[in-house]
Amino acid sequence: MKQRTASLGITLGVLLLVLAIPAVREVAWGFLDGALGGRNHFNLWSTMSRASVIVGMAMAVLVAFRAGLINLGGEGQLVLGGLTAAMIGIYVELPEGAPPALLALLALTAAMLVSGLWALFAGWLDRGLGIPLLVGSLLLNYPANQFASWLVSHPLRDVMSGVAQSHKIDAAARLPRFPGTIMDYGVFIVLLVVVLVIWFERNSVLGYRIRMHGYSSAFAKASGLPTTKLYYQSLFISGALAGLVGFIVVFGFSQRYIDGMLTAPLYAWTGVVAVLLASTVPWLVPVSATAFAILATGAGGMERVAGIPREVAQVIQGLVILWLAASSCSLHRDR
Amino acid sequence: MSLLEPALLESIARFMTPLLLAALGGALCERAGVFNISLEGMMLTGAFFAVTGSFFTGTWVGGLALSLVAGAISGCVFWWFSVRRGGDDIVVSIGLNILAVGLSVTLLRVVFDTRGQFDDPAIDAIPSIIIPVLSRLPYLGNVLSGQSLLFGFALFLAFAIQFLLYRHRFGLHLRAAGDNAAALQSVGVSATRVQLLALAGCGMLCALAGAQLSLSNVTLFAEGMSAGRGWIAVVIVLMCAGRPLYIMPAALFFGTVDAAGFRFQASGMPQQLTDSLPYVLAIVVLALSQLVKRKRSSFR
Numbered sequence: 425m426k427q428r429t430a431s432l433g434i435t436l437g438v439l440l441l442v443l444a445i446p447a448v449r450e451v452a453w454g455f456l457d458g459a460l461g462g463r464n465h466f467n468l469w470s471t472m473s474r475a476s477v478i479v480g481m482a483m484a485v486l487v488a489f490r491a492g493l494i495n496l497g498g499e500g501q502l503v504l505g506g507l508t509a510a511m512i513g514i515y516v517e518l519p520e521g522a523p524p525a526l527l528a529l530l531a532l533t534a535a536m537l538v539s540g541l542w543a544l545f546a547g548w549l550d551r552g553l554g555i556p557l558l559v560g561s562l563l564l565n566y567p568a569n570q571f572a573s574w575l576v577s578h579p580l581r582d583v584m585s586g587v588a589q590s591h592k593i594d595a596a597a598r599l600p601r602f603p604g605t606i607m608d609y610g611v612f613i614v615l616l617v618v619v620l621v622i623w624f625e626r627n628s629v630l631g632y633r634i635r636m637h638g639y640s641s642a643f644a645k646a647s648g649l650p651t652t653k654l655y656y657q658s659l660f661i662s663g664a665l666a667g668l669v670g671f672i673v674v675f676g677f678s679q680r681y682i683d684g685m686l687t688a689p690l691y692a693w694t695g696v697v698a699v700l701l702a703s704t705v706p707w708l709v710p711v712s713a714t715a716f717a718i719l720a721t722g723a724g725g726m727e728r729v730a731g732i733p734r735e736v737a738q739v740i741q742g743l744v745i746l747w748l749a750a751s752s753c754s755l756h757r758d759r
Numbered sequence: 008m009s010l011l012e013p014a015l016l017e018s019i020a021r022f023m024t025p026l027l028l029a030a031l032g033g034a035l036c037e038r039a040g041v042f043n044i045s046l047e048g049m050m051l052t053g054a055f056f057a058v059t060g061s062f063f064t065g066t067w068v069g070g071l072a073l074s075l076v077a078g079a080i081s082g083c084v085f086w087w088f089s090v091r092r093g094g095d096d097i098v099v100s101i102g103l104n105i106l107a108v109g110l111s112v113t114l115l116r117v118v119f120d121t122r123g124q125f126d127d128p129a130i131d132a133i134p135s136i137i138i139p140v141l142s143r144l145p146y147l148g149n150v151l152s153g154q155s156l157l158f159g160f161a162l163f164l165a166f167a168i169q170f171l172l173y174r175h176r177f178g179l180h181l182r183a184a185g186d187n188a189a190a191l192q193s194v195g196v197s198a199t200r201v202q203l204l205a206l207a208g209c210g211m212l213c214a215l216a217g218a219q220l221s222l223s224n225v226t227l228f229a230e231g232m233s234a235g236r237g238w239i240a241v242v243i244v245l246m247c248a249g250r251p252l253y254i255m256p257a258a259l260f261f262g263t264v265d266a267a268g269f270r271f272q273a274s275g276m277p278q279q280l281t282d283s284l285p286y287v288l289a290i291v292v293l294a295l296s297q298l299v300k301r302k303r304s305s306f307r
């Protein structure tokens with residue numbers, strides 16, 4: 425304990441010393457301003473919207489990891505969810521007089537369903553055909569991403585715009601924004617998901633069983649739990665949550681499907697990292713996910729002020745995981 | 008368009024070389040009992056440092072050397088965090104993959120001050136070997152001769168690693184480290200040391216795979232240019248259970264798929280669909296291989 429306080433003191437001391445250098449202070453200021461400041465707090469809002477996406481993806485990953493399932497297919501599930509939501513938002517015509525919110529609801533349901541089924545497919549490859557979930561779910565990302573990319577760059581492309589993107593969704597159905605900001609009400613949906621998942625994990629019977637399956641699937645089976653059903657249930661929930669996040673991005677922030685918008689920022693991977701950092705403790709996950717969102721947008725600010733490449737954020741992420749791995753954070757996996 | 012066009016046959020070797028090299032590296036880890044799925048990241052690292060080395064030294068030898076050093080270091084980093092410090096192999100792999108993406112892009116900005124990709128006439132490509140007699144063969148001339156140096160080396164390595172694994176003391180140690188590390192320890196050989204060598208070797212092989220991408224197939228570095236090939240290599244390793252002589256035909260198969268994809272693209276198929284072909288086939292082939300395995304074990 426004494427040692428730890430000492431090392432904390434030394435770290436703080438070094439930090440203060442380094443901050444005394446004006447250039448470093450400028451960079452640090454750039455980081456903070458990039459993450460939380462900006463004109464009219466613009467950067468803060470963009471950090472918040474990014475955080476809501478990462479937190480959502482992290483919750484999706486969390487459900488699978490707590491069940492002991494290494495679902496690395498979050499990216500494909502996110503993409504297919506977003507794509508489905510966009511397609512419904514653009515091409516489905518509601519009957520006359522129906523409230524536009526119905527369209528959003530329809531898109532949300534469909535996105536969750538499609539993504540959930542895509543996750544189930546990875547599960548079937550594992551249980552039915554013997555392809556390890558880790559590998560199968562990861563491989564499924566590629567066809568999903570490429571399919572979405574093809575769809576918005578060829579048949580369903582908005583040809584009036586110069587980039588590969590779909591048309592805009594029905595404006596009446598999009599998620600409303602906070603007045604004067606770029607942040608939309610999708611944040612509330614994510615907050616709801618966070619609360620629900622944490623509650624589900626702690627208090628519901630299914631959550632308890634999924635957790636037991638995660639700690640030891642053999643024990644769960646010996647206790648008479650339907651492990652196959654639990655396996656597919658948790659995978660479906662995980663996939664469906666990723667689909668929900670896809671819906672939020674499309675109906676909130678971008679209002680259309682833009683090629684690469686869900687994959688280039690590594691949302692799904694950051695979600696995985698956030699869960700690992702929180703060592704799959706549910707209530708810590710949103711905190712660590714938000715931290716990574718701050719890291720990413722802050723790095724953007726650092727780039728503007730000091731010319732430090734923003735990809736430094738990814739380097740930091742990688743290093744964080746390596747050190748975490750070494751401090752014995754392990755996934756409950758039965759191999 | 009015929010599948011047996013000479014141009015296609017020529018390109019197969021180009022596409023299979025990185026897969027073969029990376030999968031051989033993966034095989035070393037698999038047999039040594041390390042579940043290494045960071046082949047993708049190691050490949051990307053190798054590709055970046057191959058270009059860097061070639062650019063600054065002005066010769067491809069420098070590129071390969073720097074790439075090999077970087078690969079060996081990434082293998083050692085994996086070893087430090089997973090074997091030495093007891094981290095989960097999967098978590099370490101994820102970390103290393105993300106680190107490779109971040110580091111290559113960051114260094115691209117810091118060292119070359121560009122974004123997206125770096126190409127320069129000063130980057131020296133790996134030469135191709137012209138074999139005098141073979142090159143005059145009517146049909147296979149340009150397939151066997153005129154390929155990158157690394158193609159021949161990769162084929163040689165497949166046999167060399169086969170020999171190493173089954174006919175050499177170190178190979179025996181390596182397989183023992185994978186099968187039963189405690190038994191290996193009990194006869195006085197350090198399993199962790201064997202695993203260190205396996206991981207360093209894997210890193211170097213993946214680095215060569217990356218060098219083939221960035222100094223031979225093309226002479227430039229582009230962000231994320233490994234483009235999932237490391238995962239195909241992982242699939243090959245799993246499919247073949249780390250046996251080098253099985254890995255060769257498997258790499259040939261996926262190399263052919265890659266090459267055919269390019270031909271389909273040339274004949275008008277959208278690039279996104281041909282690009283996802285290898286992954287779809289990887290799932291199919293993996294499923295088939297598991298099926299065969301299951302059949303076999305049910306006979307016993």
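Respectively, the protein sequence lines represent chains A and B.
Residues 425 to 759, numbered by our numbering, are exactly what the first sequence covers, in order.
Residues 8 to 307, numbered by our numbering, are exactly what the second sequence covers, in order.
Cβ coordinates follow ideal geometry from the N, Cα and C atoms, glycine included.
What residues match up with residue i in a beta bridge as DSSP calls it?
i	result
Ile682/A	Gln589/A
Gln154/B	Ile136/B
Gly166/B	The sequence shown places Phe at residue 166/B, rather than the Gly named in the question. None; Phe166/B has no bridge partner.
Asp608/A	Arg601/A
Phe125/B	Phe228/B
Just to confirm, is the Cβ distance from residue i to residue j under 8 Å?
i	j	result
Ala258/B	Met23/B	yes
Ala546/A	Leu564/A	yes
Gly53/B	Gly82/B	no
Met726/A	Gly454/A	yes
Val736/A	Glu450/A	no
Val225/B	Phe125/B	no
Val503/A	Thr687/A	yes
Ala362/B	Leu35/B	There is simply no residue 362/B to check, as chain B begins at 8 and stops at 307 in what is shown.
Gly506/A	Val674/A	yes
Ala184/B	Gln169/B	no
Leu557/A	Asp550/A	yes
Ala509/A	Leu532/A	yes
Thr605/A	Trp469/A	yes
Using a C-beta to C-beta distance shorter than 7 Å, which residues of chain C count as neighbours of residue i?
i	result
Tyr286/B	The displayed structure is made up of protein chains A and B, and chain C is not among them.
With a 10 Å radius around its C-beta and 16 neighbouring C-beta atoms as the bar for buried, classify residue i as buried or exposed.
i	result
Val744/A	buried
His180/B	buried
Arg38/B	buried
Thr435/A	exposed
Thr199/B	exposed
Phe260/B	buried
Val112/B	buried
Gly65/B	exposed
Pro25/B	buried
Trp623/A	exposed
Ala642/A	exposed
Asp131/B	buried
Ile254/B	buried
Compute the Euclidean distance between the alpha carbons of residue i and residue j, then round it to the nearest angstrom.
i	j	result
Gly695/A	Ser142/B	52 Å
Leu151/B	Gly480/A	52 Å
Asp594/A	Leu284/B	34 Å
Asp758/A	Asp186/B	Unreliable placement is indicated for Asp758/A, whose pLDDT of 36 sits below 50; the coordinate value is still reported in the next sentence. In a straight line, the C-alpha of Asp758/A is about 18 Å away from that of Asp186/B.
Ser703/A	Val194/B	37 Å
Ser296/B	Phe119/B	44 Å
Gly235/B	Thr121/B	23 Å
Phe671/A	Arg633/A	29 Å
Lys592/A	Asp683/A	13 Å
Ser74/B	Tyr691/A	29 Å
Gln589/A	Ser573/A	9 Å
Val705/A	Leu71/B	44 Å
Ser233/B	Val669/A	28 Å
Phe160/B	Gly237/B	19 Å
Ser577/A	Ser585/A	11 Å
Pro710/A	Gln738/A	19 Å
Flag residue i as yes when its Cβ comes closer than 7 Å to any non-hydrogen atom of the ligand ZN, and as no otherwise.
i	result
Leu518/A	Inclusion of the ligand ZN in the displayed structure is not the case, the ligand content being empty and no account of it being possible.
- Would you check if the stretch 471-484 of chain A and the stretch 699-717 of chain A touch, i.e. whether three or more CB-CB distances between them fall below 8 Å? yes
- Query: At a cut of 8 Å, does the stretch 85-96 of chain B reach the stretch 39-50 of chain B through at least three beta carbon pairs?
  - Reply: yes
- Message: Closer than 8 Å is the cut-off here; do at least three beta carbon pairs connect the stretch 579-586 of chain A with the stretch 519-529 of chain A?
- Response: no
- Spell out a yes or no on whether the stretch 207-221 of chain B and the stretch 95-112 of chain B are touching, meaning 3 or more CB-CB pairs, one atom from each, closer than 8 Å. no
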